[in-house]
Amino acid sequence: MNIILIGVNHKTAPLDLRERLSISCEEAAHPLREIMKIPKMNGVIYLSTCNRVEVIAQTTDVPETAERLQDFILQHGNLSREEMLRCLYIYGDQEAVRHLFRVTSSLDSLVMGEPQILGQVKDAYRQAVENGTTGIILNKIMHYAFRVAKRVRTETEIAVNAVSVSYAAVELAKKIFGGLQGKNVLLIGAGEMSELAARHLINHGADQILIANRTYGRAQQMAEEFHGRAVTLDRIEDSLRDVDIVISSTGAPGYVITAGMVAAALRRRKNRLLFLIDIAVPRDIDPAAGEIDNVFLYNIDHLQDIVDGNVRGRMQEAQKAEMIINEEVAKFTQWHNTLAVVPTIVSLKEKAEEIVRGELDKSSAWMQNLTAEDRNNIEILAGSIINKILHDPIISLKEESQDYAAIPYVAALRRLFRLEP
Amino acid sequence: MDLLFFKWALAAYLISTLGYTASLLVRRVLIAKASTWVLFTAFSLHTAFFLAQMIVSGGLSINNVHETLSFFAWSLCGIYLILQLKTKTRVLGAFISPVAFLLMIGASTGMEGSVSVPEVLKGGLVTLHVTLSVAGEALFALASCAGAMYLIQNRLIKHKSIGSFSRLLPSLKDLDNINHICLLWGVPLLTLGVLVGSIWARTVWGSHWQWDPKQIWTLAAWLLYALLLHQRLAIGWKGHRVALFSLLAFLILLAGFFLEKAFFTTVHNFL
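Chains as they are written, first to last, in this note's numbering: chain A, 4 to 424; chain B, 141 to 411.
What follows is the structure in structure tokens.
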């Protein structure tokens, strides 16, 4: 195949190295044009994200290109050769294709199954196409890669369940309320995690955000940020009547919300469902509140358990994905192998057609006496005899190409039929 | 011709039941989606059966146990299929489909000849009485299925066992909505059905009320549901409690049906 893939990712190289590499590549010059200057290069795609830099190239001289690509990375990453050997991976042919498929279908990502990488690969491919640096083989590989990504997404459940605490909270809220449209959220205490959860809830359609905090100024500040409303701590009990989701994360030593408060609020809210999320340590919400009908109480450990379970689930799904990838790598290899015999088949057909045309021309003199219809029939007959004779050799050649045994057959065929080398 | 439609419908109900069961076992929504279409096909065939029957006999006849069971199954599926367009409760079909299938089995055991309504009772109002009552009870059956599923989902979420099973089941809010709609429509329909029945009873038996076990039990069930609807609308019962009571109320309704059949003689013995 003469395909080389060279790159660094979050597993092999630290962040500062990846940063240096990616910035230098982008700034110095157009990376695609720079790489295309390497001699005997047929095509290249350059992918750079915050977790990886990958170059996939198709060339006629593999060792030379590998050397020059390493120089390219070495120069831009400003690395020592030793550093580079530790961080860099180089794959050839099938392994390169497999790696690209794994990257595109998010098996190689930091968070396995995350959806952004597919878009990033598509962008990288579009750039390569716009710069005219893809050939027939790279085009085919990329089409396969996108198909693999789609298959992995639809045939496995790799991207189905939440793998972060805040997403797990959103999923739970959806299991309770169906959708989040028109639902109100109360944030008690300002913390990084509660803010993140609130942001996710808003992105999924939550309506109004109420913010209560020990320092009222901070609450007001956050309220502005979320287009919500600040309330004082003593208004929490009243607010419980109107909100549907509560996220509590204060540093208070005792319970901020007692079971009694929840029970009273539930009567006043006519038993509408209430989802309480307690991500504080020590806990903010009395665990007894979770026993009340129509109240669902989750603390940080419960959410973490869900996330852990989902991560395990993704690992299992990843195995299915690897099988899909194996299958597609095999299919691609098959396509590529056929490619090797295609020129021979084409010249064989051309030669045969030439002979037919030559013989028909020679016979044109006596064929003048025939009717136009008969002349036409003779031409068709000659064509179909040739096709019948060539059919079996062509099929056999395609079959032989699948197990690397095609080269002697191609050579023999070219010799026997005296096809131009 | 019409019987052929019935058999096809029966087969389709069986396939959708198996499909839904499979979707619960392997926990894939996709299979439930396909099963919904099979259920829709079953419902269409069943509708075709009724239409064919109407053309043959010149009118809808629901005069015996078997025809009523078949009509019950048809109403249940029709109502569910409409509701499932509005709420995302695809998997609820896993509870509806087997019920419809069993009803159809019951109906098929005597498609030719069975206990019929006595000649004196036949008339225009009987069909209306049966249609309204059966539609009302089908809504209650649906409410109880949604209630059962609510209880399962509620338990899973409360006990923090959020696995693939919980993900498969509809959200609590959607199930509660189904309950709301079913009670809201079921109570008035059954009320009308009972009223029409009593008017007809007055015409043929001479009085509205016979102190018949069937009538007493139905009235008790009606009171229970009216109370439930009142609690729901006026007092604000929601979620867990209504789900539980809807399930219990329907079990009582069902128990009444079988107890009467087994132990009492009733003037309403044709159903």
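From the three backbone atoms N, C-alpha and C, an ideal C-beta is built for every residue, glycine too.
Computed from a predicted structure; not experimentally measured.
Closer than 7 Å at the beta carbon, the chain B residues around residue i
{"i": "residue 305 of chain A", "result": "300"}
C-beta contact flag for residue i and residue j at 8 Å
{"i": "residue 237 of chain B", "j": "residue 365 of chain B", "result": "no"}
{"i": "residue 201 of chain A", "j": "residue 188 of chain A", "result": "yes"}
{"i": "residue 246 of chain A", "j": "residue 279 of chain A", "result": "no"}
{"i": "residue 72 of chain A", "j": "residue 6 of chain A", "result": "no"}
{"i": "residue 251 of chain A", "j": "residue 303 of chain A", "result": "no"}
{"i": "residue 164 of chain B", "j": "residue 291 of chain B", "result": "no"}
{"i": "residue 279 of chain B", "j": "residue 336 of chain B", "result": "no"}
{"i": "residue 182 of chain A", "j": "residue 210 of chain A", "result": "no"}
{"i": "residue 175 of chain B", "j": "residue 160 of chain B", "result": "yes"}
{"i": "residue 110 of chain A", "j": "residue 324 of chain A", "result": "yes"}
{"i": "residue 445 of chain A", "j": "residue 45 of chain A", "result": "The structure shown has nothing for residue 445 of chain A, since chain A only spans 4 to 424."}
{"i": "residue 217 of chain A", "j": "residue 199 of chain A", "result": "no"}
{"i": "residue 382 of chain A", "j": "residue 363 of chain A", "result": "yes"}
{"i": "residue 150 of chain B", "j": "residue 244 of chain B", "result": "yes"}
{"i": "residue 315 of chain B", "j": "residue 286 of chain B", "result": "yes"}
{"i": "residue 235 of chain B", "j": "residue 277 of chain B", "result": "no"}
{"i": "residue 310 of chain A", "j": "residue 168 of chain A", "result": "yes"}
{"i": "residue 3 of chain A", "j": "residue 99 of chain A", "result": "Any question about residue 3 of chain A goes unanswered here, given that chain A covers just 4 to 424."}
{"i": "residue 2 of chain A", "j": "residue 145 of chain A", "result": "This structure leaves residue 2 of chain A out entirely; chain A is present only between 4 and 424."}
{"i": "residue 208 of chain B", "j": "residue 274 of chain B", "result": "yes"}
{"i": "residue 298 of chain B", "j": "residue 299 of chain A", "result": "yes"}
{"i": "residue 367 of chain B", "j": "residue 386 of chain B", "result": "no"}
Sequence-distant residues of the same chain with beta carbon closer than 6 Å to residue i, five excluded per side
{"i": "residue 258 of chain A", "result": "289"}
{"i": "residue 4 of chain A", "result": "96, 339"}
{"i": "residue 261 of chain A", "result": "289"}
{"i": "residue 223 of chain A", "result": "233"}
{"i": "residue 140 of chain A", "result": "61"}
{"i": "residue 306 of chain B", "result": "296"}
{"i": "residue 214 of chain B", "result": "186"}
{"i": "residue 214 of chain A", "result": "190, 222, 225, 226, 231, 233"}
{"i": "residue 87 of chain A", "result": "77"}
{"i": "residue 240 of chain A", "result": "264"}
{"i": "residue 116 of chain A", "result": "109, 161, 162, 317"}
Own chain, CB closer than 8 Å to residue i, minus 5 neighbours either side, in chain order
{"i": "residue 361 of chain B", "result": "389, 392, 393, 396"}
{"i": "residue 409 of chain A", "result": "340, 343, 344, 400, 403"}
{"i": "residue 378 of chain A", "result": "370"}
{"i": "residue 331 of chain A", "result": "104, 147, 150, 151, 154"}
Chain B within 8 Å of residue i, Cβ atoms only
{"i": "residue 417 of chain A", "result": "no"}
{"i": "residue 104 of chain A", "result": "no"}
{"i": "residue 299 of chain A", "result": "yes"}
Beta-carbon neighbours of residue i, restricted to chain B and to distances below 9 Å
{"i": "residue 175 of chain A", "result": "297, 302"}
Min CB distance residue i to chain C below 8 Å
{"i": "residue 422 of chain A", "result": "Judged by its chain identifiers, the structure shown contains no chain C, and its protein chains are A and B."}
Chain-ordered chain A contacts of residue i [CB-CB under 7 Å]
{"i": "residue 163 of chain B", "result": "The premise fails here: residue 163 of chain B is roughly 14 Å from chain A at the closest Cβ pair, so nothing lies under 7 Å."}
{"i": "residue 381 of chain B", "result": "296"}
Beta-carbon proximity list for residue i, same chain, < 7 Å, skipping 5 on both sides
{"i": "residue 39 of chain A", "result": "47, 136"}
{"i": "residue 226 of chain B", "result": "none"}
{"i": "residue 63 of chain A", "result": "5, 43, 45"}
Where residue i meets chain A, residues with beta-carbon distance less than 8 Å
{"i": "residue 377 of chain B", "result": "274"}
Neighbouring residues, chain B, relative to residue i (Cβ below 8 Å)
{"i": "residue 308 of chain A", "result": "300"}
Interface flag, residue i vs chain A, CB-CB below 8 Å
{"i": "residue 191 of chain B", "result": "no"}
Residue i beta carbon near the ligand PLP (any heavy atom closer than 7 Å)
{"i": "residue 126 of chain A", "result": "Because no ligand of any kind appears in the structure shown, any question about the ligand PLP cannot be addressed here."}
**Prompt:** What residues from the stretch 155-188 of chain A come within 9 Å of chain B, judged by C-beta to C-beta, listed N to C?
**Reply:** Residues passing the 9 Å Cβ filter: 160, 163, 164, 171, 174, 175, 177, 178, 179, 180, 181, 182.
**Request:** Check distances from the C-beta atoms of the stretch 304-317 of chain B to those of chain A and list, in chain order, the residues that come in under 7 Å.
**Result:** Answer in chain order: 306, 311, 312, 313, 314.
**Near-chain A residues of the stretch 221-242 of chain B (beta-carbon distance less than 9 Å), N- to C-terminal order** = Those residues of the stretch 221-242 of chain B that come within reach of chain A (Cβ to Cβ, closer than 9 Å) are 227, 228.
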